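Chemist: Attaching a single structure in structure tokens format; questions to follow.
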Amino acid sequence: MASSHILCDKTEIVLTYDTKEGYRTMSVPYDKIISITVGQTEVRKLFRKVTTDKIEFKLRNREEPIIYTRIDEKEHFDKYIEDISKFAKDNKITLHNNL
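Numbering (the working numbering), first residue to last: 94 to 192.
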């Protein structure tokens with residue numbers, strides 16, 4: 094079983110994401126999160142494009158968003174959405190749920 098890459102605390106989220114150099118872990122307080130979007134995207138898998146669900150974090154200190162897809166986070170994805178929805182509501186963060 095793979096480990097969880099999104100951990101929600103009361104006032105911050107800990108994100109573990111993949112980069113070219115390997116995995117990075119970032120602790121993000123709620124006031125550094127611009128918005129969270131839950132929607133769909135197309136990703137390339139084995140010579141074809143597949144539509145999948147995504148969670149996208151837009152942060153104040155990063156130009157590029159951090160994106161998690163259901164294909165990569167199979168067993169934890171529904172829990173991520175549940176935790177992020179509660180976190181966004183409690184901390185008054187904009188959550189766009191387009192599923």
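Here a beta-carbon is modelled for each residue, glycine too, at the ideal position from N, C-alpha and C. Since the model is a prediction, treat every value here as computed from it, not as a measurement.
So, helix, strand or coil for E175, using DSSP?
Modeler: helix
Chemist: Within the region 110–160, note down every full beta strand (DSSP E) run reaching 3 residues or more, in order along the chain.
Modeler: 115–122, 126–138 and 141–152
Chemist: Between R178 and K151, which are expected to be in contact by the criterion C-beta below 8 Å, what is the C-beta distance as a whole number of angstroms?
Modeler: Reading off the sequence, residue 178 comes out as Ser, not Arg. Contact doesn't hold; Cβ gap of about 16 Å is too wide.
Chemist: Can you tell me which of the three DSSP states N191 falls into?
Modeler: coil
Chemist: When the Cα atoms are used, what is the spatial distance from P122 to T104?
Modeler: 6 Å
Chemist: Give the single residue among F140, T162, I126 and V131 whose Cα lies nearest to the Cα of S97.
Modeler: Taking only the C-alpha atoms, the option nearest S97 is T162.
Chemist: So the candidates are T112, D171 and I174; which of them puts its Cα closest to the Cα of I159?
Modeler: T112
Chemist: Does Y173 pass the burial test, meaning 16 or more other C-beta atoms within 10 Å, or should it be called exposed?
Modeler: buried
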